[in-house]
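Below you'll find the structure, written out as structure tokens, and then a few comments.
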Amino acid sequence: MEKNIAVIKGDGIGPEIVSEAMKVLDKIAEKFGHRFNYEQLLMGGCSIDVNGVPLTDETIARCKASDAVLMGSIGGNTTTSPWYKLPADKRPEAGLLGLRKALGLFANLRPCVLYKQLSEACPLKKEIAEKGFDMLIMRELTGGLYFGKRYTEEVNGIMTAVDTLEYNENEIRRIAKKAFDVAMQRRKKVTSVDKANVLDSSRLWRKVVDEVAKDYPEVTLEHMLVDNSAMQLVKDPAQFDVMVTENMFGDILSDEASMITGSIGMLASASMNETSFGLYEPSGGSAPDIAGQNKANPIATILSAAMMLRYSFKMDKEADAVEKAINDVLEAGYRTGDIMSEGMTLVTCSEMGDKIVSYI
């Protein structure tokens, strides 16, 4: 099978970690008889340096023409970089927001996995961490409170701020369908998170999710209030498979879940539209303090590439091979600096990529 991948290496450690993901993809192509064609594009700070803007129309067009986008990290040091002396709509991160909008990426998928080899890095109690967990939080990315009408004005002499939380049934239905589709590729359980005891938007959310669930009889659905969900994430994270929720709840819960995995360097993510098209990137930042030093952890980016294989290319065996190789490398005791512990073997970013390739 032949696939065209738009590659945005980005800023900071982005070029280093994306290069390792491409190395792994090349090994997968060799082993399974595929061909991956890469087109390298600019976005973020590097695009500002070359083009004067963080995102060009050409980059958008080339991404749309590809089968998927593999991206590194965007941005730099917000204190010292000249990029952050520009207006907000000209800064590196504006490019990412613009690309998400242009590509219609409404569903953010963030897997949160605690590998047994890294259980000591988990801040939860030992008996909870030792059980491990493997969940995926699906966050609606383009609606809700963050995109509703907002204003601040003086009312009867008192400054008043208003933010509007709004969802329509079509927005809810498409993210729910995406959650159930992903659950069918996993353990067939969906937890829908809302605040239906208070919010009208949540009551509509729950109603629509129930309707979508009827088309997926193999999937178990449960509803959970957001405050209980936050508690359950630290009490028993192993209970979750796919968690789907609206924009603000997803923002908060996915950050909570990322903390209990032990290192943000292990966290992949994907943003998808209504087709199988997706943008795949690590959850962490550009880490400008270690950029160019071959110290970064590439595993999150490699796991993001595995998500691309699974969700955009329907290459489950290939994705399994990547994920197994990462597990085997960790089992063998190899660690980058962010996940290093006593008795383990410290490796560089490129060496970690080489190790993972050798285990595929």
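In my numbering, the protein residues as written are -4 to 355.
Just so it is clear, CB atoms sit at the ideal spot from N, CA and C, and this is done for glycine as well.
Remark: C-beta atoms of residue 289 and residue 11 approach each other more closely than 8 Å. Per DSSP, residue 41 is not a residue of any beta strand (DSSP E); the alpha helix (DSSP H) it occupies stretches across 40 to 46.
Boundaries for residue 268: no alpha helix (DSSP H) harbours it, and the DSSP string shows neither H nor E there.
Contact check for residue 136 against residue 162 fails: the beta carbons are separated by 8 Å or more.
Shown here, residue 142 sits in coil according to DSSP, grouped into three states, outside any helix or strand. The residues 104, 105, 106, 107, 177, 181, 236, 237, 238, in chain order, have a CB closer than 8 Å to that of residue 131 in the same chain once the five nearest residues on each side in sequence are set aside. When 47, 110, 285, 60 are compared, the shortest CA-CA separation from residue 97 is found for 60.
Cβ contact annotation for residue 309 (same chain, cutoff 8 Å, sequence separation greater than five): 271, in chain order.
By the Cβ test, the segment 109 to 122 is not in contact with the segment 61 to 75, since fewer than three Cβ pairs between them sit closer than 8 Å. Nearest in C-alpha terms to residue 258, of all of 268, 267, 280, is 280. Contact fails between the segment 208 to 226 and the segment 335 to 344, because fewer than three Cβ pairs, one in each stretch, are under 8 Å apart. Straight across, the Cα-Cα distance linking residue 166 with residue 151 is about 36 Å.
Residue pairing for residue 336: DSSP places it in no beta bridge. Ranking 145, 87, 171 by CA distance to the CA of residue 268 puts 171 first.
Around the CB of residue 263, 16 or more other CB atoms lie within 10 Å, so the residue is classed as buried.
Judged by DSSP secondary structure, residue 129 falls within the beta strand (DSSP E) whose first and last residues are 128 to 135.
For residue 249, the closest C-alpha among the options 196, 233, 273, 228 is that of 228.
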